[in-house]
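Novice: The working numbering puts the first residue of the sequence shown at 36, with every later residue one more than the last.
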Amino acid sequence: MPEKDQIQAMFARIARRYDLLNHLLSCGMDYWWWRKMAKLTVATPGMKVLDIAAGTGDSSIALAKKGAIVVSSDFAFSMLRLGYDKIRYKSMKNKVLGHVGADAHILPFKSSTFDALTICYGLRNLEQRYIAYAEFKRVLKPGARLVILEFSHPTRTLIRWLYDFYSRFFLVRIGGFFSGDKVAYRYLYQSIKQFPHQADLAQELINTGFADVSWKNLSFGIVAIHTAIVPANDNTRLLK
Numbered sequence: 036m037p038e039k040d041q042i043q044a045m046f047a048r049i050a051r052r053y054d055l056l057n058h059l060l061s062c063g064m065d066y067w068w069w070r071k072m073a074k075l076t077v078a079t080p081g082m083k084v085l086d087i088a089a090g091t092g093d094s095s096i097a098l099a100k101k102g103a104i105v106v107s108s109d110f111a112f113s114m115l116r117l118g119y120d121k122i123r124y125k126s127m128k129n130k131v132l133g134h135v136g137a138d139a140h141i142l143p144f145k146s147s148t149f150d151a152l153t154i155c156y157g158l159r160n161l162e163q164r165y166i167a168y169a170e171f172k173r174v175l176k177p178g179a180r181l182v183i184l185e186f187s188h189p190t191r192t193l194i195r196w197l198y199d200f201y202s203r204f205f206l207v208r209i210g211g212f213f214s215g216d217k218v219a220y221r222y223l224y225q226s227i228k229q230f231p232h233q234a235d236l237a238q239e240l241i242n243t244g245f246a247d248v249s250w251k252n253l254s255f256g257i258v259a260i261h262t263a264i265v266p267a268n269d270n271t272r273l274l275k
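#1: Can you look up G81 in the DSSP assignment and give me helix, strand or coil?
#2: Beta-carbon within less than 8 Å of S113's beta-carbon, same chain only, minus the 5 sequence neighbours each way: which residues are those?
#3: Report yes if the C-beta distance between A88 and D109 is below 7 Å; otherwise report no.
#4: Going by the CB atoms, is the gap between V182 and L253 shorter than 7 Å?
#5: Cα-Cα, which of G211, Y224, A73, G244 is closest to P266?
#6: Rounded to the nearest angstrom, how far is the Cβ of A179 from that of D150, given a contact under 8 Å?
#7: Over what stretch of residues does the beta strand (DSSP E) that includes R180 continue unbroken?
#8: Judging by CA-CA distance, which residue of P143, G256, L98, Y198 is the nearest neighbour of M127?
#9: So K128 is in the beta strand (DSSP E); what residue range does that whole segment cover?
#10: Keeping to the same chain, check which residues put their C-beta closer than 7 Å to that of L236; ignore five residues upstream and five downstream.
#11: Between R203 and Y222, how many whole angstroms is the CB-CB distance? I'm expecting something under 8 Å.
#12: Between which two residues does the beta strand (DSSP E) harbouring F149 extend?
#13: Taking the alpha-carbon positions, what's the R164 to I96 distance?
#14: Cα separation between T91 and L193?
#15: Can the beta-carbon of W11 be found closer than 7 Å to that of A263?
#16: Return the residue from the list A246, E185, V248 that minimises the CA-CA distance to K228.
#17: Looking only at its own chain, which residues have a Cβ that is under 8 Å from the Cβ of D269, when we skip the five neighbours before and after it?
#18: Is it buried or exposed, L189, if we count other Cβ atoms within 10 angstroms and call 16 or more buried?
#19: Thinking just about the alpha-carbon of each residue, which of I257, I104, G136, L158 is nearest to the one in T148?
#20: R195 to Q233, Cα distance in whole Å?
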């Protein structure tokens, strides 16, 4: 896996074409996936949500449309700046109140701050997921919800074969052509292949102490949304 600074540099290189390629390579399904994420977050007016790996802001906007008060966070500063511009253009500044450059392994927020935490397509890029899970728990209130939207593994053999063929031969080439960075989209393909299957990711969350862990497959499992709850009696979170 590339190191943090390499991943930051990669996202800086593709930032300007990132949205276009998301829409193109997903055939527009990314909008639906974000809406499903916001729904499963149970985002309601006034809820305070930390959106990690917010990138260019589409996940934060989906949450804000539900009335949530959102803090956008990302360690790829070039993506975060584009997200700020998009949110300002869409007149969502009164709902997306913060744009914070931060590493998910060391979050700059006090304990028990947020009612929910979301991370979309960012978990694959973390070097040490278990450290990040502990931080997620720390900044969430007891009873708060964690929602992970991530590329996953199709459950049907034919879909899995077709998706792998598409990702290997088209995603890398199309992404590389339009972004001018084939390395970035080769990394995308490899990171998806190496990412835990749905049940394995759920087990990681259980091992970290999350409760009520479940997942929902979208588009035959090409992406999955995992949800989990911080137990009300959790005593493992360290105060800062």
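Virtual Cβ for every residue (Gly too), placed ideally from N, Cα, C. Since this is a predicted model, take the numbers as computed values, not measurements.
Specialist: Let's see:
#1: Your numbering for residue 81 matches position 46 in the sequence shown. Correct three-state label for G81: coil.
#2: Position 78 of the sequence shown, counted from the first residue, corresponds to residue 113. Cβ within range, chain order: F46, A47, A50.
#3: Position 53 of the sequence shown, counted from the first residue, corresponds to residue 88. Position 74 of the sequence shown, counted from the first residue, corresponds to residue 109. Yes, the pair counts as a contact, with Cβ atoms nearer than the cut-off.
#4: Position 218 of the sequence shown, counted from the first residue, corresponds to residue 253. Position 147 of the sequence shown, counted from the first residue, corresponds to residue 182. For L253 and V182, no; Cβs fall outside 7 Å.
#5: Along the sequence shown, one-based indexing puts residue 266 at 231. Residue G244 is the option with its Cα nearest to P266.
#6: Here residue 179 refers to the residue found at position 144 of the sequence shown. Here residue 150 refers to the residue found at position 115 of the sequence shown. With a Cβ gap of about 5 Å, A179 and D150 count as contacting.
#7: Translated into the one-based positions of the sequence shown, residue 180 becomes position 145. Start and end: 175 to 186.
#8: Here residue 127 refers to the residue found at position 92 when the sequence shown is read from its first residue. Ranking P143, G256, L98, Y198 by Cα distance to M127 puts L98 first.
#9: Sequence index remark: in the sequence shown, residue 128 carries index 93 (1-based). Counting along the chain, K128 falls outside any beta strand (DSSP E), and DSSP gives it neither H nor E.
#10: The residue labelled residue 236 in the question sits at position 201 within the sequence shown. Closer than 7 Å at the Cβ level, and outside the excluded window around L236, lie H261.
#11: In the sequence shown, the residue the question calls residue 203 occupies position 168. In the sequence shown, the residue the question calls residue 222 occupies position 187. In fact, because the Cβ distance is near 13 Å, the residues do not count as touching under 8 Å.
#12: Stepping through the sequence shown from its first residue, residue 149 is reached at position 114. Residues 149 to 155.
#13: Position 129 of the sequence shown, counting from 1, holds the residue named residue 164. Position 61 of the sequence shown, counting from 1, holds the residue named residue 96. So the two alpha carbons sit approximately 25 Å from each other.
#14: Stepping through the sequence shown from its first residue, residue 91 is reached at position 56. Stepping through the sequence shown from its first residue, residue 193 is reached at position 158. Using only the alpha carbons, I get a separation of about 33 Å.
#15: Nothing can be reported for residue 11: it is not among the residues displayed for the chain, which extend from 36 to 275.
#16: Within the sequence shown, the letter at position 193 stands for residue 228. Ranking A246, E185, V248 by Cα distance to K228 puts E185 first.
#17: Here residue 269 corresponds to residue number 234 of the sequence shown, with the count starting at 1. Cβ neighbours of D269 beyond the five flanking positions: K172, P177, G244.
#18: For the purposes of this step, residue 189 is taken as residue 154 along the sequence shown, with counting starting at 1. Rather than Leu, the amino acid found at residue 189 in this sequence is Pro. P189 should be labelled buried.
#19: Residue numbering aside, residue 148 sits at position 113 when the sequence shown is read from its first letter. Measuring from the Cα of T148, the nearest candidate turns out to be I104.
#20: Against the sequence shown, residue 195 aligns to sequence position 160. Against the sequence shown, residue 233 aligns to sequence position 198. Cα to Cα, R195 sits roughly 14 Å from Q233.
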